[in-house]
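Here is the structure we will look at.
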Amino acid sequence: MSDTDQNRRNILKTSLSLGALAATAGIPFWSRLALGAEETLVPFSDMPEGFVAPPVAPGAIHYLDTRGINSFYTPNADFYIVQHYNQPEVAEIDYKLRVTGLVNTPLELSLADIKARPKIEIDAGFECGGNSERLFQGLIGNARWGGTSLRDLLQEAGVQAEGIEIVFYGYDKGEETIREAKVEQAFGRSLHVIDAMNPDIMLAYEMNGEALPLYHGAPLRLVVPGYYGVANVKWLNQIHVQDRRYMGRFMGRDYVTLSKRDIGGEVRWEERSVTKINLKSSIIRVTKNGANHIITGFVLNDGTPLRTVEVSIDNGPWQAAQIDPASSKYSWKLFTYQWNNPAAGEHTMVSRVIDENGQVQATPAEMPEKPTRWENYGQFTRKVVIA
Ligand SMILES: Nc1nc2c(c(=O)[nH]1)N[C@H]1C(S)=C(S)[C@@H](COP(=O)(O)O)O[C@H]1N2
Ligand SMILES: [Mo]
Numbered sequence: 000m001s002d003t004d005q006n007r008r009n010i011l012k013t014s015l016s017l018g019a020l021a022a023t024a025g026i027p028f029w030s031r032l033a034l035g036a037e038e039t040l041v042p043f044s045d046m047p048e049g050f051v052a053p054p055v056a057p058g059a060i061h062y063l064d065t066r067g068i069n070s071f072y073t074p075n076a077d078f079y080i081v082q083h084y085n086q087p088e089v090a091e092i093d094y095k096l097r098v099t100g101l102v103n104t105p106l107e108l109s110l111a112d113i114k115a116r117p118k119i120e121i122d123a124g125f126e127c128g129g130n131s132e133r134l135f136q137g138l139i140g141n142a143r144w145g146g147t148s149l150r151d152l153l154q155e156a157g158v159q160a161e162g163i164e165i166v167f168y169g170y171d172k173g174e175e176t177i178r179e180a181k182v183e184q185a186f187g188r189s190l191h192v193i194d195a196m197n198p199d200i201m202l203a204y205e206m207n208g209e210a211l212p213l214y215h216g217a218p219l220r221l222v223v224p225g226y227y228g229v230a231n232v233k234w235l236n237q238i239h240v241q242d243r244r245y246m247g248r249f250m251g252r253d254y255v256t257l258s259k260r261d262i263g264g265e266v267r268w269e270e271r272s273v274t275k276i277n278l279k280s281s282i283i284r285v286t287k288n289g290a291n292h293i294i295t296g297f298v299l300n301d302g303t304p305l306r307t308v309e310v311s312i313d314n315g316p317w318q319a320a321q322i323d324p325a326s327s328k329y330s331w332k333l334f335t336y337q338w339n340n341p342a343a344g345e346h347t348m349v350s351r352v353i354d355e356n357g358q359v360q361a362t363p364a365e366m367p368e369k370p371t372r373w374e375n376y377g378q379f380t381r382k383v384v385i386a
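Just so we're aligned: 76 in numbering that gives the first Met the number 0 is position 77 of the sequence shown, and the numbers increase by one with no gaps anywhere.
So, in C-alpha cells, the structure goes:
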C-alpha cells in the first residue's frame with residue numbers, strides 16, 4: 000500500500016468512527032461537489048456583488064473564486080498563482096539543477112537525469128501565507144504532484160556534518176533594497192536539514208499528471224507538503240547546503256509573522272518565518288436543489304490527522320460535516336454539510352476543524368494579536384440569504 004493509500008485510510012477511519020458518513024449515505028461525495036443541472040448557488044451576502052476572479056494572465060497573480068471549487072484536484076489552469084519576481088521561461092533542454100555547498104559530491108542534473116530517478120507522487124494542497132477572507136480564501140489549490148524524492152538526492156550528494164541549512168534558489172530574480180544597498184537576488188527559501196529529510200518532500204516535474212506548467216515553476220519545483228505556498232520554490236535552480244541560517248527576504252524579512260505569544264511562560268512579540276500550515280477550515284459555497292441545501296468547505300493543515308470538521312448555523316450547536324473520502328494526509332480536505340429546510344432570510348454559518356490532538360481551529364477572539372498579514376487561519380463566519 001502506498002503512503003497515500005495509507006493516509007487515505009487513516010482519514011477514513013477518523014471520519015467513519017464519528018459516523019459522519021452515515022448522515023448522507025448513498026450520495027457519492029464527488030457528486031455533491033459538482034453542481035448538478037437543477038442546483039444553484041445560494042448567494043453569500045458577505046461577498047461584494049460582482050466578485051470575480053481575474054483570468055490567468057502572464058506575470059499576474061491568480062486567485063480562484065472558491066464558490067466554484069467542484070473537484071478534489073484543482074485543474075492546473077485554475078490553481079492559484081503567486082510570484083514575487085518574474086516567471087522565468089527555462090527550456091527543458093537547458094535546464095540544470097545544481098546541488099552545492101557542504102556535500103561530499105556536488106551534483107549537476109539535467110531534467111532527464113531527474114526524471115530517470117525513482118518517481119514518487121503525492122497529493123498536496125496549500126494556500127499562500129497571505130490568503131485571507133478578503134479574497135474569500137481564493138489563494139488556494141490542491142494537486143497531485145509527481146517528481147523525485149529530495150531526501151534521496153541529498154543522501155546521494157552526502158550532506159556533511161556541519162551542513163545544517165538547505166537553501167533552495169529559483170531562477171527568478173529581482174532587485175532588493177537592503178539597508179542602503181540595492182542588489183539583485185534570486186527567490187530563495189530554506190529548510191533545516193532535519194526538516195528537509197522528510198521523505199514526502201519532492202522535486203516535482205508533474206502537476207495532476209501533466210508536465211509542470213510555466214506559471215507553477217516549470218520545469219521543476221520544490222513541494223513541501225504541509226507547508227504554506229511560499230516554501231514550494233518554483234523554477235528551482237540550485238540547492239545549497241550551508242553551516243548557518245539563511246536569512247533571505249522570504250525567510251527572514253517577508254513572509255515573517257509578527258505575533259504576540261506565550262514563549263515558555265513569557266508573553267513576547269515574536270517574529271517567525273511562515274512555514275507549517277496552521278489548522279484551518281472555511282466555508283466556500285452553499286448550493287440549493289429544491290429544499291435541499293449543501294454547505295461546502297475546505298480544511299488545510301500540516302498533515303496532522305483530523306478528528307472532525309463541524310458547522311454551526313446561526314450560532315446553533317456544532318454539527319459534524321462529512322469529509323471527502325478522497326482526502327489524504329497532505330491534501331486539502333473538502334467537506335460538505337447537508338442543511339435541511341433553512342428558513343427564508345439571512346443566516347450566518349461558520350466551520351471549525353479539530354485535529355486528533357484535540358486542537359480546535361481558533362475563533363477570531365482566540366487568534367494571537369498579529370499585525371502582519373500572514374497566516375489567517377481563524378474561523379471565518381459567512382452570511383447567506385435564503386430567498
Ligand atoms: N521561485 C519562486 N518560487 C515561489 C515564489 C516565487 O516568487 N518565486 N512564490 C512562492 C509563493 S509566495 C507561493 S504562495 C507559491 C505559489 O505557488 P503557485 O503559484 O504554484 O500556486 O509559490 C512560491 N514559490
Ligand atoms: Mo505566497
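All C-beta atoms, glycine included, are put in the ideal place defined by N, C-alpha and C.
- Taken in chain order, the complete alpha helix (DSSP H) segments of 4 or more residues contained in the region 259-297 number zero; there are none.
- Here the alpha carbon of Thr104 sits roughly 19 angstroms from the alpha carbon of Leu235.
- Within 7 angstroms of the C-beta of Trp234 there is at least one heavy atom belonging to ligand 1.
- Assignment of Phe78 by DSSP, reduced to helix, strand and coil, places it in the coil class.
- Relative to ligand 2, Val41 has its C-beta separated by 7 angstroms or more from all heavy atoms.
- Within the region 113-141, the complete beta strand (DSSP E) segments at least 3 residues long are 119-126, listed from N- to C-terminus.
- With respect to Ser281, Val308 sits apart: the two C-beta atoms are not nearer than 8 angstroms.
- In this structure Ile139 does not touch Tyr214 by the C-beta definition: roughly 15 angstroms separates them, more than the 8 angstroms allowed.
- Between the region 145-157 and the region 195-206 there are three or more C-beta pairs closer than 8 angstroms, enough to call the two in contact.
- Bridge partners of His346 according to DSSP: Val383.
- A distance below 8 angstroms separates the beta carbons of Pro224 and Ile121.
- Counted as a single uninterrupted DSSP element, the stretch harbouring Val166 is not any alpha helix (DSSP H) but the beta strand (DSSP E) occupying residues Glu164 to Ile177.
- Of the heavy atoms belonging to ligand 2, none sits nearer than 7 angstroms to the Cβ of Gly173.
- By the neighbour-count criterion, in which 16 or more other beta carbons inside 10 Å mark a residue as buried, Pro198 falls on the exposed side.
- At least one heavy atom of ligand 2 lies closer than 7 angstroms to the C-beta of Val229.
- Going by DSSP, Leu153 is part of the alpha helix (DSSP H) stretching over Leu149 to Ala156.
- With contacts defined by Cβ atoms closer than 8 angstroms, Asn288 and Glu37 form a contacting pair.
- By the neighbour-count definition (other C-beta atoms within 10 Å, threshold 16), Met250 is a buried residue.
- Asn277 is a Cβ neighbour of Asn300, given a cutoff of 8 angstroms.
- The count of Cβ pairs closer than 8 angstroms, one atom from the region 238-250 and one from the region 348-359, stays below three, leaving the stretches out of contact.
- A distance criterion of 7 angstroms places the beta-carbon of Ile282 beyond contact range of ligand 1, judged by its closest non-hydrogen atom.
- Burial check for Ala217: the Cβ neighbour count within 10 Å reaches 16 or more, so the residue is buried.
- Counting along the chain, the unbroken beta strand (DSSP E) around Ala185 starts and ends at Ala180 to His191.
- Within the same chain, and ignoring the five residues on either side of Trp338 in sequence, the residues whose Cβ sits closer than 6 angstroms to its Cβ are His292 and Ile294.
- With contact defined as three or more Cβ pairs closer than 8 angstroms, the region 186-200 and the region 159-169 are in contact.
- Around Gly137, the same chain offers Ala52, Tyr62, Leu63, Asp64, Thr65, Tyr79 and Asn130 as residues with beta carbons nearer than 8 angstroms, after the five sequence neighbours per side are excluded.
- By the Cβ-count criterion, Phe50 is exposed, with fewer than 16 other Cβ atoms from all chains shown falling within 10 Å of its own Cβ.
- The DSSP-derived three-state label of Ser311 is strand.
- Setting aside the 5 residues that flank it on each side, Ile283 is surrounded in the same chain by Thr65, Arg66, Ile68, Phe135, Gln136, Thr295, Gly296 and Phe297, each with a C-beta closer than 8 angstroms to its C-beta; the list follows chain order.
- Bounds of the beta strand (DSSP E) holding Phe334 are Lys332 to Asn339.
- Set against 7 angstroms, the gap from the CB of Gln154 to the closest heavy atom of ligand 1 is not smaller.
- Rounded to the nearest angstrom, the Cβ distance from Ala386 to Ala343 is 7 angstroms, consistent with a contact under 8 angstroms.
- Looking from the CA of Lys233, the closest CA among Thr73, Val89 and Ser326 belongs to Val89.
- For Ile163, the closest alpha carbon among the candidates Ser109, Val240, Val222 and Leu149 is that of Val240.
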